Amino acid sequence: MFDDFLKRWNLGIDGDPIVTHSSHLLPVRWQGRAAMIKIALEAEEQAGSRVMRWWDGEGAARVYAHDGEVILMERAEGTRSLMHMALHGEDDQASRIACDVVRHLHRPRGKPLPELIGLRAWFRDLAPAAARYGGLFPRCLDTAEALLASEHDKAVLHGDIHHDNILDFGPRGWLVIDPKRLHGERLFDYANLLCNPDLPTSRERRRFLRQLDVLVEHGGLDRRRLLEWVLAFAGLSAAWFLDDDMAADSDLAVAHLAAAELDRMSCRA
Numbered sequence: 197m198f199d200d201f202l203k204r205w206n207l208g209i210d211g212d213p214i215v216t217h218s219s220h221l222l223p224v225r226w227q228g229r230a231a232m233i234k235i236a237l238e239a240e241e242q243a244g245s246r247v248m249r250w251w252d253g254e255g256a257a258r259v260y261a262h263d264g265e266v267i268l269m270e271r272a273e274g275t276r277s278l279m280h281m282a283l284h285g286e287d288d289q290a291s292r293i294a295c296d297v298v299r300h301l302h303r304p305r306g307k308p309l310p311e312l313i314g315l316r317a318w319f320r321d322l323a324p325a326a327a328r329y330g331g332l333f334p335r336c337l338d339t340a341e342a343l344l345a346s347e348h349d350k351a352v353l354h355g356d357i358h359h360d361n362i363l364d365f366g367p368r369g370w371l372v373i374d375p376k377r378l379h380g381e382r383l384f385d386y387a388n389l390l391c392n393p394d395l396p397t398s399r400e401r402r403r404f405l406r407q408l409d410v411l412v413e414h415g416g417l418d419r420r421r422l423l424e425w426v427l428a429f430a431g432l433s434a435a436w437f438l439d440d441d442m443a444a445d446s447d448l449a450v451a452h453l454a455a456a457e458l459d460r461m462s463c464r465a
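FYI, my numbering numbers position 163 of the sequence shown as 359, with every residue one higher than the one before it.
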C-alpha cells in the first residue's frame, strides 16, 4: 500500500513497516531527511493527521506532504526518551519538558481552526460507565460535569499527551506526534501526563504527588483544577478499558490518588 506514495514523493525506504491497529507506517528518506509515511486507518487517526498539518511543525512533527489522510511527516532520530528519563531518575525533568511542549502547542496560531471535537463529546462514555460500574465512577462523572460547565482558557488540544507521544527530534527539540482532534480547556492536556497507564510508576502515591507539584510549579497551573481534570479523565480512561474487557487498575489507582488529594485539600481549607 506504500508503493504509490514512494513513487509520488520520490522516497527511499529506510526501515521496516510498522503496523498498529489504527495506522500503517513506513520509515523513509525524503530529500535526505528522515521521514515517515503514515496511513491512518481509523477516523480518529485521520482527524489527528489534520491537526498535525494545522500545527505546521510548531511543537509537533512537520508534515512534508499529504494526500487526503495519508501524510509524510518528519521522523524523530534523537536518542533521548521521556519514558526512559521518567524511570531512571529524571522524572522531574521529563515532566518539565512535557510542560514546555504542551505550552508551545497551546499558543494561538491566528488562523482558522481545523474540525475539532469538544471535551463534552469526548467524555460522553463516562455517564454510562458511572451507572454500569459504580464505585468511584459517579464522582468522576460529577467532577467532569462541573469542569465541562465551567471550561475556560481553551485551545487546540493534543488529547493524548504522554511520555511516548513526545519524541526527541534532535536539533528541533521535543515534539509531539499522534494527536487527537480535541478543543477545550488547556489543563486537560496536562492531566494526561499523570494518567499514563503505560508508565509503571504512575500509580505510586509518592511519585504522583511529586509530579503534580512539578506540573503545577513549572506549568503555572491551578492545583485543585488540575487534580479535578485528572480525576475526571482517569475515570474516563478506566471506563474505556473496562468497556473493552481490559484491566483498568492503573487508571483507577490514579483516580483514587486524585480523589484522596482533593479530599485532603478540602479538609485543610
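Heads up, the beta-carbon is just placed ideally off N, CA and C, and yes, glycines get one too.
Small disclaimer: the values here were computed from a predicted structure and weren't measured.
query: Close Cβ partners of HIS359 (< 7 Å) along its chain, the five nearest in sequence each way excluded; result: LEU278, MET279, ALA282, ALA290, ASN392, LEU395
query: The segment 396-405 contacting the segment 262-277, beta-carbon criterion three pairs below 8 Å; result: no
query: Alpha-carbon spacing of ALA387 relative to VAL224, whole angstroms; result: 34 Å
query: Where the beta strand (DSSP E) through GLY415 begins and ends; result: Note, GLY415: premise wrong, no beta strand (DSSP E); alpha helix (DSSP H) at 401-415.
query: Rounded separation between ARG292 and PRO304 - CA only; result: 21 Å
query: Environment of GLY228 [buried if 16+ CB atoms lie within 10 Å]; result: exposed
query: Nearest-angstrom Cβ-Cβ length linking ALA231 and MET197, presumed shorter than 8 Å; result: Their Cβ separation, rounded to whole angstroms, is 17 Å, which puts ALA231 and MET197 out of contact at 8 Å.
query: CB contact flag (GLU273, GLY366, <8 Å); result: yes
query: Nearest-angstrom Cα separation, counted from ALA451 out to ASP441; result: 19 Å
query: Residue-level contact to chain C via CB, HIS452, 8 Å cutoff; result: Note that chain C does not occur in the displayed structure, where there is just one protein chain.
query: Collapsed DSSP secondary structure at PRO375 in the structure displayed; result: coil
query: Under 8 Å between C-beta atoms of GLY306 and LYS350; result: no
query: With 16 other Cβ atoms within 10 Å as the buried cut-off, status of ASP287; result: buried
query: Segment limits, beta strand (DSSP E) that includes GLU270; result: 266-270
query: Proximity below 8 Å, CB of SER398 to CB of SER446; result: yes
query: Whole beta strand (DSSP E) elements within the segment 219-280, 3-residue minimum; result: 219-226, 229-236, 259-263, 266-270
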